[in-house]
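Novice: Here's a structure for you.
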Amino acid sequence: MLAIPVLAAVITIAWAADADIYLESIDKKFFNSLNKIESIFKTWFPKFSFSTEYHIENYQINSLNNESYGLLYSGGLDSLSSYIKHKKETLSLISIWGADIPLNKTKFWDKVKYKVTQLAEMDDIKCYFIKTNVREMMNENLLNKTYLEGEDTNWWLSVSHGLILTSLTSLLPIKTLIMPSSMDENEKVPHGSDLFKFMDYRWADSSLIYDCNLSRHEKIKYLLRGNTQYYQFLRVCYTQFQDYNCGMCEKCLRTITGLLIEGIDPNKCNFKVKNGFLDLIKYYLSNNIILLHSEIAAWEDIQNNIPEESSIEFSFGLKNLILMIIIIKRTIKKEYF
Ligand SMILES: [Zn+2]
Numbered sequence: 000m001l002a003i004p005v006l007a008a009v010i011t012i013a014w015a016a017d018a019d020i021y022l023e024s025i026d027k028k029f030f031n032s033l034n035k036i037e038s039i040f041k042t043w044f045p046k047f048s049f050s051t052e053y054h055i056e057n058y059q060i061n062s063l064n065n066e067s068y069g070l071l072y073s074g075g076l077d078s079l080s081s082y083i084k085h086k087k088e089t090l091s092l093i094s095i096w097g098a099d100i101p102l103n104k105t106k107f108w109d110k111v112k113y114k115v116t117q118l119a120e121m122d123d124i125k126c127y128f129i130k131t132n133v134r135e136m137m138n139e140n141l142l143n144k145t146y147l148e149g150e151d152t153n154w155w156l157s158v159s160h161g162l163i164l165t166s167l168t169s170l171l172p173i174k175t176l177i178m179p180s181s182m183d184e185n186e187k188v189p190h191g192s193d194l195f196k197f198m199d200y201r202w203a204d205s206s207l208i209y210d211c212n213l214s215r216h217e218k219i220k221y222l223l224r225g226n227t228q229y230y231q232f233l234r235v236c237y238t239q240f241q242d243y244n245c246g247m248c249e250k251c252l253r254t255i256t257g258l259l260i261e262g263i264d265p266n267k268c269n270f271k272v273k274n275g276f277l278d279l280i281k282y283y284l285s286n287n288i289i290l291l292h293s294e295i296a297a298w299e300d301i302q303n304n305i306p307e308e309s310s311i312e313f314s315f316g317l318k319n320l321i322l323m324i325i326i327i328k329r330t331i332k333k334e335y336f
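0 is the number of the first residue of the sequence shown in numbering that gives the first Met the number 0; add one for each residue after it.
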């Protein structure tokens, strides 16, 4: 069991770079899962060598007899809405430092940790914090350049994050791990946790629920909206590590737009929306700053949910919301889609 997180950290690099694996023992179910992942990756990553030889002395069958559910939780829209959806289970939150928040961002991590703890205390549930230096040990730029194709792909997101984040939880007393993600029917580039859609991923007697049945906007619409006590925990921004959400980057603007369309005041969700917001969003759209395919698909998702007529009340003084929605709808439709 102890070897699971370590093997998960190095195995994708071994598959790519023609390295062999030497181990005293490994959990048998996890090893079987790796074999299935390898066969999926063979169709995703044509530059990998896939000639790794395994020198493993023992394959162990483990039984942990855990009962509870755990949720990989970052505070983002996916994980917060998964939490709202699954909170009736005996659920623990699991937050990982060293994944999206670098280890040298101590103050910001403390802020995030405080919020996670606050949520856990509010609902009287457990939370676990894991610290990992796994990303500091990989040369992701070199791996991107050597083994991946296309500007939308990167090692962490496309290859390794699903396997690494899940494996880090393998030593917690959790039977069923929930990994939140968003449904994206139009996804064109590999996404390193979507492999869990196609396989039964497990170790010992544990199992995984890959929670990706709704799009990002549907999550705002069906899960977040109305659950006002959870608005204060939303954190979607990864471009900076000072504020909970910067309110300026593409992802923040996209989330703010989605919230507005559903009548949720973004200022209650850790955003600071001021009157210049409309101009900024128009600038992004009209200067083609939304470049990545996944981002365009996410805007299309919002566009599909723009009501033809809206009676949304504004609670924060942004009086021309309806006008903004119409502007975005026209801009996206005519110029970019
Ligand atoms: Zn941001």
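Just so you know, even glycine gets a beta-carbon here, dropped at the ideal spot from N, CA and C. Just so we're clear, the structure is a prediction, and the values are computed from it rather than from any experiment.
Could you give the first and the last residue of the continuous alpha helix (DSSP H) run that contains lysine 130?
Specialist: The residue labelled residue 130 in the question sits at position 131 within the sequence shown. Per DSSP, lysine 130 belongs to no alpha helix (DSSP H); it is in the beta strand (DSSP E), 125 to 130.
Novice: From glycine 69 to glutamate 148, what distance separates their C-alpha atoms?
Specialist: By 1-based counting over the sequence shown, the position of residue 69 is 70. By 1-based counting over the sequence shown, the position of residue 148 is 149. Computed Cα separation, rounded: 34 Å.
Novice: Considering only heavy atoms of ligand 1, does any lie closer than 6 Å to the CB of threonine 238?
Specialist: As a first step, residue 238 is located in the sequence shown; it is residue number 239 there, counting from the start. Threonine 238 Cβ: within cutoff of ligand 1.
Novice: Taking Cβ to Cβ, would you say valine 115 is nearer than 7 Å to cysteine 126?
Specialist: To locate residue 115, count along the sequence shown from 1; it is residue 116. To locate residue 126, count along the sequence shown from 1; it is residue 127. A contact, by the Cβ cut-off of 7 Å.
Novice: Return helix, strand or coil for isoleucine 208, following the three-state DSSP convention.
Specialist: Working through the sequence shown from its first residue, we reach residue 208 at position 209. Note: isoleucine 208 maps to strand in three-state DSSP.
Novice: Is the number of C-beta pairs between the region 70 to 85 and the region 40 to 51 that are closer than 8 Å three or more?
Specialist: These segments do not touch.
Novice: Could you compute how far the alpha carbon of leucine 22 sits from the alpha carbon of tryptophan 155?
Specialist: If you number the sequence shown from 1, residue 22 lands on position 23. If you number the sequence shown from 1, residue 155 lands on position 156. About 24 Å.
Novice: Checking 7 Å against the spacing of the C-beta atoms, do lysine 191 and serine 159 come in under that value?
Specialist: By 1-based counting over the sequence shown, the position of residue 191 is 192. By 1-based counting over the sequence shown, the position of residue 159 is 160. Going by the sequence as given, residue 191 is glycine instead of lysine. Result yes, Cβ atoms of glycine 191 and serine 159 sit closer than 7 Å.
Novice: Give me the Cβ distance between isoleucine 100 and phenylalanine 240, rounded to the nearest whole Å; I'm assuming they're in contact under 8 Å.
Specialist: The residue given as residue 100 occupies position 101 in the sequence shown. The residue given as residue 240 occupies position 241 in the sequence shown. So it is a contact: roughly 6 Å between Cβ atoms.
Novice: Do the region 220 to 232 and the region 82 to 100 touch if we need at least three Cβ pairs shorter than 8 Å?
Specialist: Touching, per the Cβ criterion.
Novice: Check each candidate in Leu207, Leu142, Lys86 and name the one with the smallest Cα separation from asparagine 226.
Specialist: Here the question's residue 226 lines up with position 227 in the sequence shown. Looking at the Cα atoms, Lys86 is the closest of the given residues.
Novice: Going by the C-beta, is cysteine 268 closer than 6 Å to any heavy atom of ligand 1?
Specialist: As a position in the sequence shown, residue 268 is number 269, starting the count at 1. It does not: the Cβ of cysteine 268 is nowhere closer than 6 Å to a heavy atom of ligand 1.
Novice: Would you check if there are 3 or more beta carbon pairs closer than 8 Å linking the region 193 to 200 to the region 13 to 27?
Specialist: Too few Cβ pairs lie closer than 8 Å, so no.
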